[in-house]
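Undergrad: A single structure is presented below for examination.
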Amino acid sequence: MRVVICGAGQVGTTIARHLATEGINVTVIDIDQEQVRRVDESYDVRGLVGHASHPATLQEAGARDADMLIAVTHSDEVNMVACQVAYSLFNVKRRIARLRHAGYLAQDKSGLYAAEHLPIDIIISPEIEIADSIARRLRTPGAFDRVPMAGGLVELLGIHSGADCAVVGRRFVEIAEDDDEARMAVLAVMRDGRCFIPDADDQLAAGDDIYVLARSEQVDAVVRAFGHRKQTARKVVIVGGGNVGLHLARKILREFSGIDVKLIERDQQRAGEAAREFGDAAIVLNGDALDRELLAEAQTGSADTIVAVTNDDEANIFVSVLAKQAGCKRAITLVNKSNYESLIPTLGIDAVVSPSAVTISTVLRHVRHGTIFALYTLREDFGEVVEAEIGEGSRLLRRPLDQLGLPAGMKIGAVVRDGVAIMPDETTKLEVGDHVVALVTYSYLRFAEALLGTRRRPFG
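Numbering-wise, this note's numbering comes out as the position in the sequence shown, counting from 1, plus 162.
In structure tokens:
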């Protein structure tokens with residue numbers, strides 16, 4: 163398989179690294195010579211300096227033999243033209259573009275991306291993906307992350323264990339199987355900056371962030387098992403009236419009931435436009451969210467959740483800390499720079515959203531094809547939660563799970579058979595056509611594909 167990636171920023175570079183580890187032939191294009199040099203020297207990929215939308219550059223990158231083009235430069239227009247050139251001149255079968263400007267994403271513009279116009283197969287909008295991700299978190303305040311898998315039959319939950327968590331000190335196998343109404347599979351633990359797949363006899367420690375799989379109807383019970391009460395947010399303050407903030411406010415007003423929404427936007431024109439759009443449905447405040455008087459006017463101290471989604475990482479972090487100090491129950495913070503990751507847990511911020519991680523996970527979901535149906539990235543350096551169909555050639559068929567000899571970097575958390583979600587135990591046997599939801603670390607992805615009997619089907 164051959165892939166051309168346009169853009170050697172954080173997103174393009176990370177996608178290239180993931181694909182290269184799977185033996186995929188990758189070429190990365192960027193106009194920044196230093197960016198290209200770094201990706202060329204750091205990973206088993208080919209770097210090419212040039213304009214990603216220029217036909218000559220794409221030809222030199224091998225577009226004529228490419229199966230896919232992924233356009234994730236900082237320019238929407240370059241991404242669109244690159245897809246057009248890849249289709250019209252080189253017949254690249256699959257074209258993915260990141261588009262950020264709201265004007266390109268409106269419903270009445272959807273016909274623009276047909277093959278006879280602008281041939282883009284998959285449009286990735288980070289702002290919409292981020293807003294959707296935050297909205298899922300608002301539905302389950304006890305979870306810092308929530309991702310539906312297997313058509314919504316099971317859900318991946320990120321849960322924090324505080325010092326007062328009732329199950330701290332217990333073995334993970336006991337936590338997972340203790341209550342039939344709250345069955346779960348513990349897939350990963352994040353502890354002291356390290357991420358690992360726990361053994362059954364490992365114990366939950368105070369301060370752990372864990373990822374578990376649970377049946378969708380048992381999500382609330384699972385969250386309660388860790389001492390988190392289901393308390394849907396009723397007062398939400400959104401800081402930042404850009405694309406993410408507006409998408410989120412619209413989604414809350416459209417899909418949630420009985421929620422008091424306040425939006426703080428520094429730019430006067432943007433604030434005015436938002437106020438006219440939302441009318442009486444939301445309160446829009448114009449000013450600097452770092453102004454304590456404005457935060458008091460927004461009543462952040464009595465808010466259930468503050469969501470900081472400006473374009474300034476530092477502002478997002480500081481306003482989240484100020485709101486928590488004032489009494490806000492929960493802070494969800496947008497952070498672009500990965501070097502802040504180690505700082506965040508010390509500040510009392512409850513959930514962090516990374517635009518690059520959201521985009522990477524979404525792009526990889528569309529790169530994985532054949533019998534891999536869904537994917538969620540757990541940290542850029544750890545692994546993926548995948549949903550895959552068991553094929554005829556799988557070596558995992560018809561033997562109990564405890565006899566499969568799964569590698570250390572793979573854990574099966576759920577099985578879906580005939581539309582029913584099963585939380586497996588050591589006696590569960592897999593059948594052809596089963597969908598499994600599993601965590602696989604990056605070093606074992608190719609091995610896991612072989613075990614599952616998955617196959618890559620050609621694009622087109």
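Using N, Cα and C, we set each Cβ at its ideal position, and we do this for glycine too.
Which of the three DSSP states is assigned to Arg608 in this structure?
TA: Helix.
Undergrad: Got a sec, what are the start and stop residues for the beta strand (DSSP E) Met230 sits in?
TA: Counting along the chain, the beta strand (DSSP E) containing Met230 begins and ends at 230-233.
Undergrad: Does the stretch 182-196 come within contact of the stretch 207-214, defined as at least 3 CB pairs closer than 8 Å?
TA: Touching, per the Cβ criterion.
Undergrad: Count the other CB atoms, across all protein chains shown, that sit within 10 Å of the CB of Asn478; report buried if there are 16 or more and exposed otherwise.
TA: Under this definition Asn478 is a buried residue.
Undergrad: With H, G and I counted as helix, E and B as strand and the rest as coil, what does DSSP make of Leu559?
TA: Leu559 falls in the strand class under three-state DSSP.
Undergrad: Can you tell me whether Phe609 is buried or exposed? The criterion is at least 16 other CB atoms within 10 Å of its CB, across all chains shown.
TA: Exposed, since its Cβ has fewer than 16 Cβ neighbours within 10 Å.
Undergrad: Does DSSP put Arg396 in a helix, in a strand, or in coil?
TA: Coil, per DSSP.
Undergrad: Could you tell me the boundaries of the alpha helix (DSSP H) in which Val594 lies?
TA: Here Val594 belongs to no alpha helix (DSSP H), and DSSP marks it neither H nor E.
Undergrad: Alpha carbon to alpha carbon, how far is Ile421 from Asp283?
TA: Looking at the two C-alpha atoms, the distance is approximately 36 Å.
Undergrad: Looking at Pro303 and Arg164, is the spacing between their C-beta atoms short of 8 Å?
TA: For Arg164 and Pro303, no; Cβs fall outside 8 Å.
Undergrad: Looking at Cys327: is its Cβ nearer than 8 Å to the Cβ of Phe252?
TA: No; because the gap between Cβ atoms is not below 8 Å, this pair is not in contact.
Undergrad: Am I right that Gly404 and Thr472 are in contact with their C-beta atoms under 8 Å? What's the rounded C-beta distance?
TA: That belief holds up - the Cβ atoms of Gly404 and Thr472 are roughly 7 Å apart, short of 8 Å.
Undergrad: Between the alpha carbons of Gly622 and Ala276, how many angstroms are there, rounded?
TA: The predicted model places Gly622 with a pLDDT of 49, which falls under 50 and marks its position as unreliable; any figure quoted below should be read in that light. Cα to Cα, the separation comes out at about 14 Å.
Undergrad: Looking at the unbroken beta strand (DSSP E) that takes in Asn501, where does it start and where does it end?
TA: From DSSP, Asn501 is part of no beta strand (DSSP E); its letter is neither H nor E.
Undergrad: Going by alpha carbons, who is nearest to Ala550 out of Val525, Glu289, Arg541, Arg579?
TA: Looking at the Cα atoms, Arg579 is the closest of the given residues.
Undergrad: Report the three-state DSSP secondary structure of Met242 (helix, strand or coil).
TA: DSSP places Met242 in helix when its eight states are reduced to three.
Undergrad: Cα separation between Leu607 and Glu184?
TA: If I take the Cα positions, the gap works out to 7 Å.
Undergrad: Tell me where the alpha helix (DSSP H) around Ala347 begins and ends.
TA: Premise fails: Ala347 lies in the beta strand (DSSP E), 347-353, not in any alpha helix (DSSP H).
Undergrad: Nearest to Val173 by CA position, among Ile522, Phe544, Leu452, Gly567, is which residue?
TA: Answer by Cα proximity: Ile522.
Undergrad: What does Gln365 pair with, by DSSP beta-bridge criteria?
TA: Paired residues: Arg333.
Undergrad: Is the stretch 427-443 close to the stretch 404-418, with three or more CB pairs under 8 Å?
TA: In short, these stretches touch, since the Cβ pair count reaches three.
Undergrad: Where Cys490 and Ala460 are concerned, what is the direct C-alpha to C-alpha distance, given to the nearest angstrom?
TA: Cα to Cα, Cys490 sits roughly 11 Å from Ala460.
Undergrad: Taking the alpha-carbon positions, what's the Val582 to Leu559 distance?
TA: Distance between the alpha carbons of Val582 and Leu559: 18 Å.
Undergrad: Please give the ranges of any beta strand (DSSP E) in the stretch 439-480, keeping only runs that are unbroken, at least 3 residues long and fully inside the region.
TA: Whole beta strand (DSSP E) segments, 3+ residues: 445-448, 467-470.
Undergrad: Does any heavy atom of the ligand ADP sit closer than 7 Å to the C-beta of Gly553?
TA: Absence of the ligand ADP from the depicted structure is noted, as is the absence of any ligand whatsoever, leaving it without description.
Undergrad: Please report how far the alpha carbon of Ser605 lies from the alpha carbon of Gly571, in whole angstroms.
TA: Distance between the alpha carbons of Ser605 and Gly571 is about 7 Å.
Undergrad: Leaving aside the five residues before and after Val446 along the sequence, list all residues of the same chain whose C-beta is less than 6 Å from its C-beta, in chain order.
TA: These residues qualify, in order along the chain: Leu425, Ala433, Ala436, Ala437.
Undergrad: Can you tell me which residues form a DSSP beta bridge with Met572?
TA: Val602.
Undergrad: Relative to the C-alpha of Glu291, which candidate in Gly265, Leu261, Leu315 has its C-alpha closest?
TA: Of the candidates Gly265, Leu261, Leu315, the one whose C-alpha sits nearest the C-alpha of Glu291 is Leu261.
Undergrad: Consult DSSP for Ala312 and reduce its assignment to one of helix, strand or coil.
TA: Ala312: helix per DSSP, three-state reduction.
Undergrad: Leu496 to Ser295, Cα distance in whole Å?
TA: Rounded to whole angstroms, Leu496 to Ser295 spans 11 Å at the Cα level.
Undergrad: Would you mind giving the Cβ-Cβ distance between Glu317 and Ala383, rounded to the nearest angstrom? I have them listed as a contact below 8 Å.
TA: No, Glu317 and Ala383 are not in contact; Cβ-Cβ is about 12 Å, not under 8 Å.
Undergrad: Give the straight-line distance between the Cα atoms of Val348 and Gly355, rounded to the nearest whole angstrom.
TA: In a straight line, the C-alpha of Val348 is about 18 Å away from that of Gly355.
Undergrad: In angstroms, rounded to a whole number, what distance separates the CA positions of Thr562 and Thr539?
TA: Inspection of the sequence shows that residue 562 is occupied by Pro rather than by Thr. Whole-angstrom Cα-Cα distance: 28 Å.
Undergrad: Is the distance from the Cβ of Ala225 to the Cβ of Ile258 below 8 Å?
TA: No, Cβ-Cβ distance for Ala225 and Ile258 is not below 8 Å.
Undergrad: Quick one, which of Thr589, His322, Val240 has its alpha-carbon nearest Val374's?
TA: The candidate whose alpha carbon is nearest that of Val374 is His322.
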